[in-house]
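*Asks:* Got a structure here, written out as C-alpha cells. Questions coming.
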Amino acid sequence: MERGIGTSRGIGIGHVLIVYNASAVVNRGTHYNADEEKKRFFEARKTFIEQTEELLSELEKKLGESDKDALVLKNQIYLARDITTENEVVAAIDNSHICAEAAFDDVCNKLIQ
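Heads up: the sequence shown begins at 0 in numbering that gives the first Met the number 0, then just goes up one per residue.
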C-alpha cells in the first residue's frame, strides 16, 4: 500500500516504497487463429466489465452513488464498451493474426499518441 501525508482526497505527499511493480509482457507472435483470438478478446472484455461492475456496486454502497471515485470505474466500463476500440482490435486480429493482448495493446498505444 502506498502511504503519505494526506493533502486532499486521493493525493498524498511523502515517500513511497513500491514493493511490486507489475508490467505486462505481450507476446508479439503472428501465428494466431483470428477467430479464437477474437473470442478470447470478447470473453476477457465481458469478464472485465462484470468484475468492474461488481466492484463499482460495492464502492457505491460504501461511498454513495455520486462519489467521484466511483466515476473512474464507470469510465473504465464505458471505455471497455467503446465500439471504435472494439472494431480496431478485431481488425488488428483479423489483418495481422496477432493475439488479442497484442491487438488491444497496439490500439491503446495508438490512442495515447
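Here a beta-carbon is modelled for each residue, glycine too, at the ideal position from N, C-alpha and C.
Rounded to whole angstroms, what is the Cα-Cα separation between A69 and F47?
*Replies:* The count along the sequence shown starts at 1 and reaches residue 69 at position 70. The count along the sequence shown starts at 1 and reaches residue 47 at position 48. Their backbone Cα atoms lie some 16 Å apart in a straight line.
*Asks:* Am I right that I92 and A33 are in contact with their C-beta atoms under 8 Å? What's the rounded C-beta distance?
*Replies:* As a working note, residue 92 is residue 93 in the sequence shown. As a working note, residue 33 is residue 34 in the sequence shown. Right, the Cβ-Cβ distance comes to about 5 Å (below 8 Å), so this counts as a contact.
*Asks:* Is it buried or exposed for C98, if we count other Cβ within 10 angstroms and need 16 for buried?
*Replies:* The sequence position of residue 98 within the sequence shown is 99, counting from 1. It counts as buried.
*Asks:* Restricting to runs no shorter than 4 residues, where is the alpha helix (DSSP H) found entirely within the region 56-102?
*Replies:* You should have 67-79, 82-95.
*Asks:* Are the beta-carbon atoms belonging to L72 and L54 less than 8 Å from one another?
*Replies:* Within the sequence shown, the letter at position 73 stands for residue 72. Within the sequence shown, the letter at position 55 stands for residue 54. Result yes, Cβ atoms of L72 and L54 sit closer than 8 Å.
*Asks:* Could you check whether the region 95-109 touches the region 26-46, counting it as contact only if at least three pairs of C-beta atoms, one from each stretch, sit closer than 8 Å?
*Replies:* These segments touch.
*Asks:* Does DSSP classify Q112 as helix, strand or coil?
*Replies:* Taking the sequence shown and counting its residues from 1, the one referred to as residue 112 is at position 113. In the structure shown, Q112 sits in coil (DSSP, three-state: anything other than H, G, I, E or B).
*Asks:* In chain order, what residues of the same chain have a beta carbon less than 8 Å from the beta carbon of Q112, not counting five sequence neighbours either side?
*Replies:* For the purposes of this step, residue 112 is identified with residue 113 of the sequence shown, where counting begins at 1. So no residue of the chain qualifies.
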